[in-house]
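Peer 1:
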Amino acid sequence: MRKKIVAGNWKMHNDLNETISLINELKKNDIYSDVIVMISPAFPFLQMALELVKKSNIEVVSQNVHQKPKGAFTGEISVEMLKSIGINKTIIGHSERRKYFNENDTVLLEKVKLALSNDLDIIFCFGEELLDRKSNRHFEVVMNQLKKTVLNLDKDSWNKIVLAYEPVWAIGTGETASPDQAQEMHEFIRKCILESYDKTTSENVSILYGGSVKPSNANEIFSKKDVDGGLIGGASLNAKDFQLIIKANSSL
Ligand code: PEP
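Mapped onto numbering that gives the first Met the number 0, the consecutive letters of the sequence shown carry residue numbers 0 to 251.
(1) Does the Cβ of L130 have 16 or more other Cβ atoms within 10 Å, making it buried, or fewer, making it exposed?
(2) Going by alpha carbons, who is nearest to H185 out of T172, G171, E174, L207?
(3) Taking the continuous beta strand (DSSP E) assigned at F100, which residues delimit it?
(4) DSSP three-state label for T89, please.
(5) Among I188, G209, Q46, which one has its Cα closest to the Cα of T200?
(6) So, with DSSP's three-state summary, where would you put A181?
(7) Can you tell me the Cα-Cα spacing of K53 and W168, whole angstroms?
(8) First and last residue of the beta strand (DSSP E) that includes S205?
(9) Quick check on the DSSP output: what are the complete alpha helix (DSSP H) runs of length 4 or more inside the segment 39-64, in order along the chain?
(10) Which residue from L115, S55, Q46, D104 puts its Cα closest to that of G85?
(11) Counting Cβ pairs closer than 8 Å, one from the segment 101-118 and one from the segment 62-74, do we hit at least three?
(12) Counting C-beta neighbours from all protein chains within 10 Å, is the total for I160 16 or more, i.e. buried, or is it exposed?
(13) Can you check whether the CB of G210 is closer than 8 Å to the CB of A234?
(14) I need the DSSP call for D240, collapsed to helix, strand or coil.
(15) In the structure shown, what three-state DSSP assignment does A6 receive?
(16) With DSSP as the reference, label M142 as helix, strand or coil.
(17) Considering only C-alpha positions, which residue in the set L193, I38, N158 is nearest to K142?
(18) Got a sec: does ligand 1 put a non-hydrogen atom nearer than 7 Å to the Cβ of V36?
(19) Drop a sphere of 10 angstroms on the beta-carbon of E58, count the other beta-carbons inside from all chains shown, and report buried for 16 or more, exposed for fewer.
(20) What residue does the beta strand (DSSP E) around A217 start on, and which one ends it?
(21) Taking only runs that begin and end inside the segment 117-174, name each unbroken beta strand (DSSP E) of 3 or more residues, in chain order.
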């Protein structure tokens with residue numbers, strides 16, 4: 000079953016006290032039972048975040064994970080480490096990981112396979128650059144990103160995957176894809192999945208949109224039929240704004 004999701008990616012923001020107060024603020028928010036709420040604090044605070052969200056409807060997600068199970072990889076975090084503290088989901092493939100840490104499709108597929116084989120579910124991010132869109136290559140670029148990564152997986156893996164289409168030109172820029180641009184791409188993504196698998200798989204996967212979603216544009220973006228929610232950066236750092244975005248995705 001396709002799920003409505005709003006996930007906050009806190010990136011390298013918020014120290015210990017800021018993380019605690021933001022979680023406590025979010026816990027005071029109204030609950031919309033038809034929307035799954037996720038937050039992704041920085042690594043040092045994951046375990047504490049898991050404690051703080053107990054008895055709330057908030058899930059805690061990792062921002063990244065390493066592609067090897069263990070070894071001499073100074074500064075990295077393994078699937079096993081995340082699982083051992085109770086984390087069951089991770090973001091993989093965020094455009095900032097691709098851009099600043101040179102994570103290519105080969106590495107990302109390695110990460111995806113390792114995570115899934117250890118029951119660490121994933122939010123897989125992908126999306127075109129501004130130049131791709133300007134030269135009308137955005138569909139081709141997105142299809143290639145998917146073909147080289149998640150479309151290689153077996154059908155059973157798809158109940159552990161959430162996709163996040165994030166056009167790079169819209170991330171942290173204040174520029175948003177129009178609701179129609181988002182819908183058009185999400186529909187195309189479902190078609191790619193349909194062609195590689197079947198109707199059930201393509202209909203059941205949740206596809207989030209990410210890129211400068213804020214309270215003022217969330218309603219219209221989430222109203223599109225193939226948009227199941229959002230991966231939210233900047234606006235997830237403010238409890239009020241994040242709550243309004245969650246509300247925008249609820250039909251209650
Ligand atoms: C993101 O980092 O995934 C993101 C969508 O950021 P922002 O909402 O700030 O554009």
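Even glycine gets a Cβ: it sits at the ideal position worked out from N, Cα and C. Small disclaimer: the values here were computed from a predicted structure and weren't measured.
Peer 2: If we stick to the structure as given:
(1) exposed
(2) L207
(3) No beta strand (DSSP E) holds F100; DSSP gives it neither H nor E.
(4) strand
(5) I188
(6) helix
(7) 36 Å
(8) 205-208
(9) 45-51
(10) Q46
(11) yes
(12) buried
(13) no
(14) helix
(15) strand
(16) helix
(17) Here the sequence assigns Met to residue 142, which means Lys is not the residue at that position. Out of L193, I38, N158, L193 has the C-alpha closest to the C-alpha of M142.
(18) no
(19) buried
(20) It is not in any beta strand (DSSP E) - A217 instead sits in the alpha helix (DSSP H) that spans 214-221.
(21) 120-125, 160-164
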